[in-house]
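Taking it in order: structure first as structure tokens, then the write-up.
Numbering (UniProt numbering), first residue to last: 1 to 80.
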């Protein structure tokens, strides 16, 4: 699944993954953030995968998926 995101033709998914990995919102992914991200993906349970997808959909990070956020993600999926 992660490989599908990485090779995505639509920049939305790579941008969202970057935002999620960039935990301190610095605009860069530090060595520590990269190691943490790789570690998380290395041993994902089904619940971890769902948690990650929720973060992808929750564009403003408020812990809720708004209608407009779902629309945005669905539109990006259709463009893929």
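Positions of the beta carbon are idealized from the N, C-alpha and C atoms, including for glycine.
Quick one: residues in its chain with C-beta nearer than 6 Å to the C-beta of residue i, no 5 flanking neighbours on either side, listed in chain order?
| i | result |
| --- | --- |
| residue 21 | 29, 33, 37 |
| residue 55 | 20 |
Look at the alpha carbon of residue i and the alpha carbon of residue j, and state the distance between them as a whole number of angstroms.
| i | j | result |
| --- | --- | --- |
| residue 67 | residue 40 | 28 Å |
| residue 73 | residue 45 | 23 Å |
| residue 15 | residue 42 | 20 Å |
| residue 53 | residue 47 | 10 Å |
| residue 31 | residue 71 | 33 Å |
Contact check, residue i vs residue j under 8 Å by CB: the rounded distance?
| i | j | result |
| --- | --- | --- |
| residue 93 | residue 76 | No answer is possible for residue 93: it lies beyond the span of the chain, which begins at 1 and ends at 80. |
Taking 8 Å as the limit between beta carbons, can you name the residues of its chain near residue i, skipping five residues before and five after?
| i | result |
| --- | --- |
| residue 64 | 58 |
Problem set entry | Runs of alpha helix (DSSP H) wholly within the UniProt domain "EF-hand" (45-80) (minimum 4 residues, chain order) | When DSSP assignments are scanned along the UniProt domain "EF-hand" (45-80), the uninterrupted stretches of alpha helix (DSSP H) that are 4 or more residues long and fall wholly within it turn out to be 46-57, 67-79.
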